[in-house]
Amino acid sequence: MYTPTILVITLTSMLAAAFPTSESAPSYNPATILFTLRELHGLSITLPANNTCIDLSSILGDYDRKIRSLMVVKGTKCAFYTELSCASIGDKLELGSEVGDVIRESLEPSWDLKIRSVYCADL
């Protein structure tokens with residue numbers, strides 16, 4: 039029969055082994071933060087530099103055509119599209135820098151409330 043102390047130690051060891059370590063945990067590399075209001079205010083969503091096109095309509099909360107300001111994180115680049123699926127038939131805005139964050143506190147009229155999809159990658 040197990041004593042309560044041994045049982046607690048055994049359960050604690052099992053729990054510790056079940057949690058991922060830094061070696062096995064997936065990394066998340068944020069590339070851009072999109073905001074629904076000017077001057078980096080309002081609701082926001084952070085997207086990764088994962089070399090994948092992300093449609094803003096497929097994100098919980100639906101950010102399609104709702105972006106008014108944004109930031110691209112240093113060391114990453116993002117392409118913003120006026121069409122879904124990062125389609126080249128629409129306009130494309132490319133931003134990124136190796137020396138600092140790229141901040142657009144107010145999108146110009148041709149981009150304000152028009153971004154529909156985003157593709158980000160590391161520089």
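If you read the sequence shown in the numbering used here, its first letter stands for residue 39, the second for the next number, and so on. Heads up, the beta-carbon is just placed ideally off N, CA and C, and yes, glycines get one too.
Could you tell me if residue i is buried or exposed, where buried requires 16 or more neighbouring beta carbons within 10 angstroms of its beta carbon?
i: V137; result: exposed
i: K112; result: exposed
i: I141; result: exposed
i: L85; result: buried
i: G99; result: exposed
When the Cα of residue i is compared with those of the options, which residue comes out closest?
i: A125; options: A69, R154, P86; result: R154
i: I127; options: F118, K104, S135; result: F118
i: P147; options: G134, K104, C91; result: K104
i: S135; options: R76, C116, Y101, S95; result: C116
i: V110; options: L133, I83, K152; result: L133
Cutting at 6 Å between CB atoms, please list the residues of its own chain near residue i, excluding the five before and the five after it.
i: L81; result: T74
i: A87; result: N67, A69, T114, C158, A159, D160
If I measure Cβ to Cβ from residue i and keep anything under 8 Å in the same chain, skipping five residues before and after, which residues do I get?
i: H79; result: F73, S107
i: T90; result: Y157
i: E77; result: S107, E143, S144
Verify whether the separation of the beta carbon atoms of residue i and residue j is less than 8 Å.
i: L122; j: D160; result: no
Can you list, in chain order, the residues of its chain whose CB lies under 7 Å from that of residue i, leaving out five sequence neighbours each side?
i: D150; result: R106
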